[in-house]
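Structure first, then comments.
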Amino acid sequence: RTALENILELERHGRLSRHNHYQDLLNAIAVDIRTKHRRRVDRARELEGVRATLSQLDAKAGWLDQQLKSYNDYIEQAMMTLQNKKGKKRFLMPFTKQYNHEKELQRSGRVPKFGSFKYSARTLAEKGVLVSWAGYTERQWDKINLTVSSDEVGIFHIEGSSGSLMIPGASASVPLDDLLQAQFNNHQFMNLFASGSGGAGEGLRLNVNLFLHLVFKKFYRDE
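To convert, count from 1 in the sequence shown and add 280; that's this note's numbering.
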């Protein structure tokens, strides 16, 4: 019944005619039967081509993954070599902030593997590294300190202190990759010690480029 209704519908639209005994429909069915096998072969050939392309892409992806791993291993080894070289003992002027800082670390047995550097907030502000520190006015910057240390390749720990006491909540670890990504994204500032999600809101604000310069100078380059 449905087929008959469809035929009558096609006839009303002038696509078929009963005067030739619906010969056009018979011809279309014959063509479909003749070309059905060819279409099936074409589809099978196309499917095989897609499978071959996917196989090639999988092989290429595997090769690229291996290349990326080799590159990352090389970079990590190079960074470790640089940090190990930089971590060698150097002369310090006695009784300076850095001298006293390293002596205190040695006494407490907490010497980071790749070094630790202590600055007053004032010093970092004058270098342009420190932009602001919520909760502290510039008049207080001489009395508060920031320590940048590294005990793991490519990871830098920042801590705030006042005198010999750590400032609650003033502690953060920053991967070098995050700093480089922020620089690549043209982010001028980075917020740390913040209560908001993702380092947003109040806290310590550093200049990304100048902090990176400090990190490379202290942990990677020979002075």
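All C-beta atoms, glycine included, are put in the ideal place defined by N, C-alpha and C. This one's a predicted model, so the numbers in the text were calculated from it and none came from an experiment.
Simplified DSSP state of residue i, which is helix, strand or coil
i, result
"VAL391", "coil"
"PHE469", "strand"
"ALA310", "helix"
"ALA474", "coil"
"ALA480", "Model confidence at ALA480 stands at a pLDDT of 44, short of 50, so the residue's coordinates are unreliable and nothing is read from them."
"TYR276", "The displayed coordinates of the chain run from 281 to 503. Any statement about residue 276 would go beyond what the structure contains."
Residues bridged to residue i [DSSP beta-bridge criterion]
i, result
"VAL321", "Looking at the DSSP assignment, VAL321 forms no beta bridge with any residue, so it has no partner."
"ALA452", "ILE438"
"ASN489", "DSSP, once it has assigned bridges, lists no residue as partnering ASN489."
Expected contact under 8 Å - CB spacing of residue i and residue j to nearest Å
i, j, result
"GLN463", "VAL488", "5 Å"
"LYS377", "LYS398", "6 Å"
"PHE469", "VAL391", "Not a contact, Cβ separation roughly 31 Å."
"LEU494", "LEU472", "At roughly 14 Å, the Cβ-Cβ gap does not stay under 8 Å, so LEU494 and LEU472 are not in contact."
"MET439", "SER451", "With the sequence shown as reference, residue 439 is identified as Glu, and Met is not the correct amino acid for it. At roughly 5 Å, the Cβ-Cβ gap stays under 8 Å, so GLU439 and SER451 are in contact."
Close beta carbons around residue i, own chain, < 7 Å, minus the five adjacent residues each side
i, result
"LEU385", "VAL391, SER396"
"MET360", "VAL433"
"ALA405", "TRP421"
Sequence-distant residues of its chain with Cβ nearer than 6 Å to residue i (five each side left out)
i, result
"HIS381", "LYS398"
"LYS498", "PHE397"
"ASN425", "LYS398, SER400, SER441"
Close Cβ partners of residue i (< 8 Å) along its chain, the five nearest in sequence each way excluded
i, result
"PHE375", "none"
"ASP457", "GLY434"
Complete beta strand (DSSP E) runs within the stretch 373-449 (minimum length 3 residues, chain order): 396-400, 410-413, 424-432, 435-442
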